[in-house]
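Asks:
Residue numbers (the numbering used here): -8 to 59.
Here it is in structure tokens:
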């Protein structure tokens, strides 16, 4: 998990490395996986993300998913 949460993408684990990790060996079903030829862009990626805006979005997500 530490390698997934690295902010700099140069040092972050790739998606393929992540999916090949032994943690997913028993739950991964390669036949059900879909591969797209186009890059997926999420709505927030279209915004001008300066440091303050990024911090605000991260805190929002943490508070949203932290509720029980």
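Glycine residues also receive a C-beta, built at the ideal position from the N, C-alpha and C atoms.
Source: prediction; values computed, not measured.
(1) So, helix, strand or coil for residue 25, using DSSP?
(2) Near residue 38, what residues of its chain come up, given a Cβ to Cβ distance below 8 Å and the 5 sequence neighbours on each side ignored?
(3) Mapping DSSP to helix, strand and coil, what is residue 14?
(4) Of the residues 0, 6, 51, -2, which one's Cα is nearest the Cα of residue 26?
Replies: Taking the definition as stated:
(1) Here residue 25 refers to the residue found at position 34 of the chain shown. In this structure, residue 25 counts as coil in the three-state DSSP scheme.
(2) Here the question's residue 38 lines up with position 47 in the chain shown. Excluding sequence neighbours, residue 38 sits near 44.
(3) As a position in the chain shown, residue 14 is number 23, starting the count at 1. Helix.
(4) The residue labelled residue 26 in the question sits at position 35 within the chain shown. Of the candidates 0, 6, 51, -2, the one whose C-alpha sits nearest the C-alpha of residue 26 is 6.
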